[in-house]
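Reading the sequence shown from the start, the letters are residues 61 to 289 in the working numbering.
Don't be surprised by glycine CBs; every beta carbon is placed ideally from N, CA and C.
Remember, predicted model here, so these are calculated numbers, not experimental data.
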Amino acid sequence: MTQTPPLRVSVIIPALNEEQALPGTLASLRGAGEVHEIIVADGGSTDGTEAIARGLGAKVTQSAAGRGRQLAAGAANASGDIFWFVHADAQVAVDAVERIRTAVAAGAAAGNFRLRFTGDTTGARFTTAYQPVLRALGWVFGDSGIFATRDSYAAAGGIQDLPIFEDVDFVKRVRRVGRFVTVPAFLTASSRRFEGRYLRTFSLWTLMQMLYLAGVSPQRLGRMYRNAR
């Protein structure tokens, strides 16, 4: 009896000047189970990001900067059965790859991981504690390690070139394709975005979410976000 080969997982990492964070993320991924390929979707880095990625065995795609554009470019060059989108500052569970395969084998079209943030600051602890609330409200962000089967990704129309909320937009569409699950394992994200300015960052992001729900376009929100940062 011929054994069915395991589903091939393509990891896609959007990156822009991530020479400091990328080696740790790639090491974490190497320890998370066998993957088919790792693609660093570079947005025009001017540091050593590309050289580090290639030196550590990853493929590199190039596009103009913009997370949605970079993720789409990476997916367009991926050859796996499952696309797993991981940020460049993430640390993943040691059995993450097998958990993804198990979820897909059980019928999931797409999914993500539970999310926590590094550090012991008030901001990091609060944001980690707030994640179950966001999940209950249906908010899923890219730093939680979104994955989707190749077919589900295509059926949903892929990740769009949006200046903000490209992750939320994709999850909303892929949920119409099939079942979306949260894998009961943690992905750890860096809290560097909160350092020294947590209240401002959290308030701004909450405002962006409210405006998005109110129907303000991602294009307009992107302009507002850039001007307010």
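Could you have a look at residue i and say whether DSSP puts it in helix, strand or coil?
i: Glu97; result: strand
i: Trp265; result: helix
i: Ile72; result: strand
i: Leu86; result: helix
i: Pro244; result: strand
i: Ala216; result: coil
i: Val157; result: helix
i: Gln122; result: strand
i: Asp229; result: helix
i: Asp102; result: strand
i: Phe186; result: helix
i: Arg283; result: helix
Pull up the distance between the alpha-carbon of residue i and that of residue j, whole angstroms please.
i: Arg257; j: Pro65; result: 48 Å
i: Glu79; j: Asp107; result: 7 Å
i: Glu158; j: Arg233; result: 25 Å
i: Glu97; j: Val193; result: 33 Å
i: Tyr272; j: Ala87; result: 35 Å
i: Ala184; j: Val152; result: 17 Å
Determine the contact status of residue i and residue j, defining contact as a CB-CB distance below 9 Å.
i: Ala135; j: Gln122; result: no
i: Thr109; j: Asn77; result: yes
i: Ala118; j: Leu247; result: no
i: Asp290; j: Arg210; result: Any question about residue 290 goes unanswered here, given that the chain covers just 61 to 289.
i: Ala216; j: Val237; result: yes
i: Ala249; j: Phe177; result: yes
Using only CA atoms, which one of the options lies nearest to residue i?
i: Pro244; options: Gln220, Ile160, Leu259 and Leu82; result: Ile160
i: Leu89; options: Gly104, Asp102 and Ser70; result: Ser70
i: Ile73; options: Ile99, Gly91 and Thr187; result: Ile99
i: Met268; options: Arg252, Glu255, Ala288 and Ile112; result: Ala288
i: Val228; options: Arg68, Arg127, Thr162 and Leu82; result: Arg127
i: Phe225; options: Val146, Glu255 and Ser277; result: Ser277
i: Asp155; options: Arg253, Gly84 and Gly93; result: Gly93
i: Arg235; options: Asp221, Val120, Ser212 and Ser251; result: Ser212
With DSSP as the reference, identify every bridge partner of residue i, one or two as the case may be.
i: Gln191; result: Paired residue(s): none; Gln191 is not in a bridge.
i: Arg239; result: Ala168
i: Ala150; result: Ala249
i: Phe145; result: Ile72
i: Arg174; result: Phe246
i: Thr209; result: Ile142
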